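Which chain is which? The protein sequence lines are D and Y, in order.
Using this note's numbering, the letters of the first sequence map in sequence onto residues 1 to 471.
Using this note's numbering, the letters of the second sequence map in sequence onto residues 472 to 942.
One structure is given here, and the rest of the page talks about it.
2 protein chains.
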Amino acid sequence: MASEDTTPGPALPGQRSPSATLLAGLAGAGDVVADPDVLEAYRRDQAAPGLLAAGMPAALVRPTTTAEVQVAVRAAAAHGVPVVPRGAGSGLSGGANAIDGCVVVSLERMDRIVELDAAGLTATVQPGVVNAVLGTAAAAEGLWYAPDPASREFSTIGGNIATNAGGLCCVKYGVTRDALLSCEVVLADGRAVRVGHRTRKGVAGYDLAGLICGSEGTLGIVTEATVRLLPAPPRSSTLAATFSSLVDAGEAVAAIVRRVRPSMLELLDRTTLQAVQELEPLGYEDDVHAVLFARSDAGADAGLREIELIQELCDAAGATLSVVSDDEAEGRAITVARQLAYPALERKGTTLLDDVAVPLPQVPALLAGVERIAVDRDVLIGTFGHAGDGNMHPTVVYDHRDADAVLRARAAFDAIVALALELGGTVSGEHGVGLLKTAHLDAELGDARGLGRAIKDAWDPAGTMNPGKAI
Amino acid sequence: MASEDTTPGPALPGQRSPSATLLAGLAGAGDVVADPDVLEAYRRDQAAPGLLAAGMPAALVRPTTTAEVQVAVRAAAAHGVPVVPRGAGSGLSGGANAIDGCVVVSLERMDRIVELDAAGLTATVQPGVVNAVLGTAAAAEGLWYAPDPASREFSTIGGNIATNAGGLCCVKYGVTRDALLSCEVVLADGRAVRVGHRTRKGVAGYDLAGLICGSEGTLGIVTEATVRLLPAPPRSSTLAATFSSLVDAGEAVAAIVRRVRPSMLELLDRTTLQAVQELEPLGYEDDVHAVLFARSDAGADAGLREIELIQELCDAAGATLSVVSDDEAEGRAITVARQLAYPALERKGTTLLDDVAVPLPQVPALLAGVERIAVDRDVLIGTFGHAGDGNMHPTVVYDHRDADAVLRARAAFDAIVALALELGGTVSGEHGVGLLKTAHLDAELGDARGLGRAIKDAWDPAGTMNPGKAI
Chain D
1 MASEDTTPGP ALPGQRSPSA TLLAGLAGAG DVVADPDVLE AYRRDQAAPG LLAAGMPAAL
61 VRPTTTAEVQ VAVRAAAAHG VPVVPRGAGS GLSGGANAID GCVVVSLERM DRIVELDAAG
121 LTATVQPGVV NAVLGTAAAA EGLWYAPDPA SREFSTIGGN IATNAGGLCC VKYGVTRDAL
181 LSCEVVLADG RAVRVGHRTR KGVAGYDLAG LICGSEGTLG IVTEATVRLL PAPPRSSTLA
241 ATFSSLVDAG EAVAAIVRRV RPSMLELLDR TTLQAVQELE PLGYEDDVHA VLFARSDAGA
301 DAGLREIELI QELCDAAGAT LSVVSDDEAE GRAITVARQL AYPALERKGT TLLDDVAVPL
361 PQVPALLAGV ERIAVDRDVL IGTFGHAGDG NMHPTVVYDH RDADAVLRAR AAFDAIVALA
421 LELGGTVSGE HGVGLLKTAH LDAELGDARG LGRAIKDAWD PAGTMNPGKA I
Chain Y
472 MASEDTTPGP ALPGQRSPSA TLLAGLAGAG DVVADPDVLE AYRRDQAAPG LLAAGMPAAL
532 VRPTTTAEVQ VAVRAAAAHG VPVVPRGAGS GLSGGANAID GCVVVSLERM DRIVELDAAG
592 LTATVQPGVV NAVLGTAAAA EGLWYAPDPA SREFSTIGGN IATNAGGLCC VKYGVTRDAL
652 LSCEVVLADG RAVRVGHRTR KGVAGYDLAG LICGSEGTLG IVTEATVRLL PAPPRSSTLA
712 ATFSSLVDAG EAVAAIVRRV RPSMLELLDR TTLQAVQELE PLGYEDDVHA VLFARSDAGA
772 DAGLREIELI QELCDAAGAT LSVVSDDEAE GRAITVARQL AYPALERKGT TLLDDVAVPL
832 PQVPALLAGV ERIAVDRDVL IGTFGHAGDG NMHPTVVYDH RDADAVLRAR AAFDAIVALA
892 LELGGTVSGE HGVGLLKTAH LDAELGDARG LGRAIKDAWD PAGTMNPGKA I
């Protein structure tokens, strides 16, 4: 209004050279980087390349304290530029992809375990602590941090919270949200607020920690989190079983989950198995159309051990072969195909990893439908994933240099998402929406999408926090 | 603005005779009642009488469908009167207490189990289904609805969701929020919106089902819910152990939760035990200062059964006596003191049942502090509850006809809440805030309270839905 106003205006979208005033405003936000070569490495996460927008940040900051994160958020707000928070950058949906002119706030240097309270069965960590590092620290106290995304060796707790990451053992032990007790969040206005409870139960106020979990940085930046730990589980046994049809394997899954609670229940299909055997011949017969892997950490009921019951149920469903082992090393050996599933598919081309979940009885229909889509669209799709909670990862393999193949891959991907919705499922079980799935949100959420937006607008009226993602 | 406007104005606060236009607007909302004798019975929940406001409703509606709930909410909104939803009225915090001139929406007639999907391990229910009724229906399919508030024989799933009810087995199996997959909610503007996911995992959009859970009807009215079921747990064993000091019992709890996951871990103190033995002599020795009850549904690890390990840990912590049983009837017999705890205290006077939770290592300090408060305030306080997750119910017993006793009881109650906060805890572990704990929210939540309010304001700008409760 007044001409004396010297506050810099908002950065123009697409502006590539950061304004000196923004950089000056970022002083105090930790390590501040404007070097384009470094920024280039912070433009995108691990989502399939070439499909999603990834802008050029005006600046990268690598804070080490909450106060530094607050400085960064306030500076971005003052300059009207977006803030894009980033953990390890291992996300698969573009949630951490940069926006032109934004400030990327990488939490990688906030990697301190603040407190491991063994008596309280909690850990308080900065967001940049790697999942497996927390796991190791907990194990040293005879405790366990359960959420185990496949990325656990490199993904961070902050990123896990942002996406509400799942994993293999969540079929029994829950996802990240189930482990999150409370967190400190830097909001769009730069305030640092603690939400949730340090106690294992607590109903005072709305469940804001749960709301933050899975919000992909659109409501604020998690700068500290208190998570619950569990006693280390009892020793586990492992099963692998092969089936000559997906229907038989689906029946085995249905029978198992209705009777017992395996700590892992994974499935992979024939296409995936073939890719695995091309990478490493494991001796699976040609007629194997599905492999099921299970682990059990429960003991015996009425004299029958849980893992043996699981084996019986597999055999009754028509397993062509089933083996069980109580030995950890042997257990790893008989499930190696599951570990190799994604690397084996990646080796065959560029991959577009989907992440849909359907109600349990619909898993066979999902698998059959994906096979049809692969034929119809003339693409290779290997499917594997968490059969025990209906969350599968159909993975479209294509040649990214072949424009037609890219189109077919994308069409197959969209068809899989549409199929999951048709079956009463969700467009994302655990990877998050990011940029990859926003187009499908209206179909899934209906009016609920607007309710989420109303929260976003109330907490972040200027829309600074990771705009365009998640909701 | 225009004098031709014939829309009725908002009801005045305190107005006791419902306007004919409001009643006319409620036509189509199911059974509509304006009879003061009936309304009287719908004014309050089971919170300690005399301490909390309970207004006179303008009308009660007992809808049987979502559409009828929508009619009621829209009519209330049009007349500017509050809506107070109500389940079984068994809440303990005044969350269902009426407000002068409000419309009470009782969900008691929406008591249909819409679908029990045994293969999908889900149940879809109307909100008025009683917890135990759902449990029985699930058991008929060999399945289990885990959340087990003490009120499970009469409280409803809708009420359980409104308060995010806990229970005994939630130490291992989680609270209501952990069981809630999705729900349909009638919002302040009368829209019915489905939030959450039917799948066991799902990260599309914010976690709005989690947000609704525990919001005590302040964001909307749950008109249908899909909850997850589990396979029936394996057979359980039961332990009871006595201790000559609270410190020893606290040490036993600490040792147990760090090693294993009992499916129940309850404690009661000497005052409670004395009240129980006055009601029914159970032969506990006079020197017993604490009793611990545990159940285990896990099997053996390395040959040692979990229940036996729990017993060993109790004995090592100085238990004066410990017994274990694998028999269900015997298990009930050795834990009867826990079932009688609250009835026995209720028999001794009017009770003010508190519900605080503290971090696990603070349980002994909480118990010792409550003993001090009882002496300082010259009141009787019996404490029992869910030691395994730090959620205790110190119960102040007083004579409600003695004005001074009422003041001392209230002061003791407030001192317990303050103590819990001092110990890093929460003012409510599972009963909800209702009207009873709103005064303590600022002390616990700080800025997070405003974040909750911003959501409330965004979803319910006129403040129609159960105003003054929960947040």
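Every residue, glycine too, gets a C-beta built ideally from N, C-alpha and C.
Computed from a prediction, not measured in an experiment: that's the story for all the values here.
- Within the same chain, and ignoring the five residues on either side of D/Asp31 in sequence, the residues whose Cβ sits closer than 6 Å to its Cβ are Arg62.
- If you check the CB distance, Y/Val657 and Y/Ile683 do not come in under 7 Å.
- Y/Ala882 and Y/Leu652 have their C-alpha atoms spaced approximately 40 Å apart.
- Using a C-beta cut-off of 8 Å, the region 754-769 of chain Y makes contact with the region 730-744 of chain Y, since at least three inter-stretch Cβ pairs fall below that distance.
- Along the length of the region 153-194 of chain D, whole beta strand (DSSP E) runs at least 3 residues long occupy 180-186, reported in chain order.
- Taking a cut-off of 8 Å for Cβ pairs, the region 723-731 of chain Y and the region 614-631 of chain Y do not touch, as fewer than three such pairs fall below it.
- Secondary structure in the region 254-317 of chain D: the beta strand (DSSP E) runs of 3 residues or longer, each lying completely within the stretch, are 264-269 and 290-296 in chain order.
- Neighbours of D/Asn391 in chain Y, taken as residues at a C-beta separation under 8 Å, are given in chain order as Thr670, Arg671 and Lys672.
- For Y/Asp619, the number of other beta carbons within 10 angstroms of its own is at least 16, and it is reported as buried.
- Contact check for Y/Ser793 and Y/Leu851: beta-carbon distance about 28 Å, past the 8 Å limit, so the pair fails to qualify.
- Along the region 178-189 of chain D, the positions whose C-beta sits under 7 Å from a C-beta of chain Y are Asp178, read in chain order.
- Note: Y/Thr713 is bridge-paired with Y/Val762 and Y/Leu792 in the DSSP secondary-structure output.
- Per DSSP, the beta bridge partners of D/Arg228 are D/Thr122.
- Less than 7 Å separates the beta-carbon of Y/Ala919 from that of D/Val195.
- For Y/Ile727, no Cβ of chain D is located within less than 7 Å of the residue's own Cβ.
- In the three-state reduction of the DSSP assignment, D/Pro343 falls in the helix class, which pools H, G and I.
- For D/Lys437, the residues of chain Y that pass the 8 Å Cβ criterion are Ala675, in the order they occur in the chain.
- Going by C-alpha positions, D/Val193 is about 51 Å away from D/Glu278.
- Contacts with chain D (Cβ-Cβ distance below 7 Å) from the region 679-694 of chain Y involve Leu679, Gly681, Leu682, Cys684, Gly685 and Ser686, listed in chain order.
- Inter-segment contact for the region 421-434 of chain D and the region 331-349 of chain D is absent: fewer than three beta-carbon pairs are separated by less than 8 Å.
- The beta carbons of Y/Thr694 and Y/Glu655 sit closer together than 7 Å.
- In the same chain as Y/Gly820, and ignoring 5 residues on each side of it, the C-beta atoms closer than 7 Å to its own belong to Val868, Tyr869 and Asp870, in chain order.
- Under the Cβ distance rule, D/Asp442 does not count among the residues neighbouring chain Y, no pair being separated by less than 7 Å.
- Closest in alpha carbon position to D/Ala204, among Y/Gly859, Y/Ala828 and Y/Ala746, is Y/Ala828.
- A distance of 7 Å or more separates the beta carbons of Y/Met936 and Y/Ala633.
- When the five nearest sequence neighbours on each side are left out, the beta carbons in the same chain lying within less than 8 Å of the beta carbon of D/Pro343 are those of Leu279, in order along the chain.
- If you ignore the 5 residues before and after Y/Glu624, its C-beta comes within less than 8 Å of the C-beta of Val601, Asn602 and Ala603, all in its own chain and listed in chain order.
- In this structure, the alpha-carbon of D/Thr65 lies about 24 Å from that of D/Arg177.
- Taking a contact to require three or more Cβ pairs closer than 8 Å, the region 101-119 of chain D and the region 490-500 of chain Y do not qualify as touching.
- In the DSSP annotation of this structure, Y/Glu801 is not part of any beta strand (DSSP E); the continuous alpha helix (DSSP H) holding it starts and ends at Glu799 to Ile805.
- A Cβ-Cβ separation of about 4 Å places Y/Pro598 in contact with Y/Leu578 under the 8 Å criterion.
- For D/Gly25, the uninterrupted alpha helix (DSSP H) run begins and ends at Ala20 to Gly25, by DSSP.
- For Y/Val576, the number of other beta carbons within 10 angstroms of its own is at least 16, and it is reported as buried.
- Put simply, of Y/Asp885, Y/Asp873 and Y/Ala874 the residue whose alpha carbon is nearest the alpha carbon of Y/Thr866 is Y/Asp885.
- Y/Glu901 is a Cβ neighbour of D/Lys201, given a cutoff of 7 Å.
- Along the region 416-429 of chain D, going in chain order, the ones with a CB nearer than 8 Å to a CB of chain Y are Gly424, Gly425, Thr426, Val427, Ser428 and Gly429.
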